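All residue numbers for the sequence shown refer to my numbering, where the first residue is 525 and numbers rise by one. Glycine included, C-beta positions come from ideal geometry on N, C-alpha and C. These numbers were taken from a predicted model, which means no experiment stands behind them. All remarks here apply to the structure that follows.
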Amino acid sequence: MGSSDPGSLGARLPLPTTRLGYAVTAAVGVGGVLLVALVTGAVSIPAGAVDAARSFLQQYGLAAVLVAFVLEGAMLLRFAPNESIVPLAVLGLADSPLDVAAIVAVAVVGSTVGQTALFLLARRGGREFLLERRWIGVSEAALNRFDDWFDTWGAVAVPASNTMLFVRGLVTVPAGLSEMDIRAFVLLSTLGTLVFETLLAALAVYAPDAIQGVL
């Protein structure tokens, strides 16, 4: 991995306030742009996958949200796009602001657990180990692209990648292969997921017609 200055952001905690501010700004900015793209129909979620997610959530409730996000964080989620889970959970399970907060909290915890597990697996197993395990779903071409992104932007790429539609968390692998401190990774992974899932939940609460049109 490269040793560019941005890459040193994850070397220690606490993160400098200004750099943490950059991470927050990146996460919010990317998340906002991509949510606009989702709502305006520039991108869409496959209907069949959404139906599977809806059925799973209706049957198992918050437990389904937790399991889905652990799998999503570890890049093992196959039955539905992760972007559909929180909006569907809010629309189908939430009756109060506390319910919405609980859904977001469970999603953040699950995703962080899954991403941390993948981070540790990458650190201990190495690049070739991950590429040989097809169940992780990381192609060499994709890994190379996110290697380059992480080399360029360093730790700021972790929360930013967690706000990207359909490729959430792919920076987890190069982060694990780098010298990034695990505590910094957990903090920034949590930050990015919290921002993104809060935006999705707010969209489901305040613009349900728009989100249902996409789903």
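Proximity below 8 angstroms, CB of residue i to CB of residue j
i	j	result
Phe674	Ala699	yes
Leu667	Val697	yes
Leu723	Pro611	no
Thr640	Val710	yes
Leu701	Ala665	no
Ala631	Val624	no
Ser685	Gly693	yes
Phe670	Val633	no
Terminal residues of the alpha helix (DSSP H) in which residue i lies
i	result
Ser635	621-649
Leu689	Where Leu689 is concerned, there is no enclosing alpha helix (DSSP H), given that its DSSP letter is neither H nor E.
Asp672	664-677
Glu607	From DSSP, Glu607 is part of no alpha helix (DSSP H); its letter is neither H nor E.
Ala588	586-597
Arg707	706-730
Ala699	696-701
Buried versus exposed call for residue i [16 or more other C-beta atoms within 10 Å across all chains shown]
i	result
Asn606	buried
Val567	Low confidence applies to Val567: its pLDDT is 48, below 50, so where it sits in the model is not reliable enough to give any reading.
Arg657	exposed
Ser608	buried
Val628	buried
Pro732	exposed
Arg536	Because the pLDDT of Arg536 is 37, which lies under 50, any placement of that residue in the model is unreliable, and the question is left without a value.
Thr687	buried
Asp529	Here Asp529 scores only 42 on pLDDT, less than 50, and its place in the model should not be relied on; the value that follows carries that caveat. Exposed, since its Cβ has fewer than 16 Cβ neighbours within 10 Å.
Residue nearest to residue i in terms of C-alpha spacing, selected from the options
i	options	result
Ala681	Gly649, Leu581, Thr714	Thr714
Tyr490	Leu595, Ala598, Pro621	There is simply no residue 490 to check, as the chain begins at 525 and stops at 739 in what is shown.
Glu703	Leu600, Gly616, Leu644	Leu644
Asp582	Asp671, Gly616, Val710	Contrary to the premise, residue 582 reads as Gln rather than Asp in this sequence. Cα-wise, what sits closest to Gln582 is Gly616.
Ser635	Ser663, Ala734, Gly650, Leu600	Leu600
Pro683	Leu712, Glu652, Phe653	Leu712
Val691	Asp705, Ser663, Arg651	Ser663
Heavy atom of the ligand GDP within 7 angstroms of residue i beta-carbon
i	result
Glu721	The ligand GDP is absent from the structure shown, which contains no ligand whatsoever.
Assumed close pair residue i, residue j - CB separation to whole angstroms, cut-off 8 angstroms
i	j	result
Val637	Val594	5 angstroms
Gly597	Leu642	7 angstroms
Val614	Ala708	Going by Cβ atoms, the distance from Val614 to Ala708 rounds to 30 angstroms, so no, they are not a contact pair.
Ala626	Leu586	7 angstroms
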